[in-house]
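Written below as structure tokens is the structure these notes are about.
Numbering (my numbering), first residue to last: 5 to 90.
Structure representation (structure tokens):
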């Protein structure tokens, strides 16, 4: 990870329409073009992080549901007097 306060310099290329939109919105917000672009990238990264967390949560919920279904089958067998093998 980069040290706090250290920025990596890079080049990004935008077509005329996208650059016009960046200029328009950064001017409207009263911020530099670079700040607008950094903010957009930050927003995308946060969104991806939340998406990844949601995916992991969904996987855990599915695993718990699967375990619950297996437990229900075992309980059903036990209720009928069968052996508790899965």
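Cβ coordinates follow ideal geometry from the N, Cα and C atoms, glycine included.
Query	Result
At least three beta-carbon pairs within less than 8 angstroms, the region 36-48 to the region 71-87	no
Extent of the continuous alpha helix (DSSP H) run through residue 2	Nothing in the structure corresponds to residue 2, since the chain is present only between 5 and 90.
Alpha-carbon to alpha-carbon, residue 23 and residue 32	14 angstroms
Which of helix, strand or coil DSSP assigns to residue 32	helix
Reference residue 44, options 26, 83, 53, 57, closest by Cα	26
Cutoff 6 angstroms; reference residue 51; Cβ partners in own chain excluding five residues on either side	none
Residue 80 to residue 67 span [Cα, whole Å]	20 angstroms
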